[in-house]
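Heads up, the thing below is written out as structure tokens.
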Amino acid sequence: MNLMHVIRAFGYDSVPMRGVQFDNIMYYLHLPQEWVPILLLPVGKADKVGYRHVRESAEQFTTIID
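Residues in the sequence shown are numbered from 3 upward in steps of one, following the numbering used here.
As structure tokens, then:
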């Protein structure tokens, strides 16, 4: 996550990707089989400005049962 903030500070955007076919990516990039990829982090310029995300407070969607 910290790397993503640094990328944004330099004017770029990124998005973490999991669950991709790493075997195919490793084949095309000629990466050694000893490496175990767990995340793909594409970096680039956004086509358009995204929207602001608003995080709801925990009290809005939780109920504490005593």
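Quick reminder that beta carbons are idealized off the backbone N, C-alpha and C, glycines included.
- Met19 is bridged by DSSP to Leu42.
- Judged by DSSP in its simplified three-state form, Ala48 adopts coil rather than helix or strand.
- With a beta-carbon spacing of about 21 Å, Val56 and Ser16 fall beyond the 8 Å limit used to define contacts.
- For the pair Leu42 and Met19, the CB atoms are nearer than the 8 Å cut-off.
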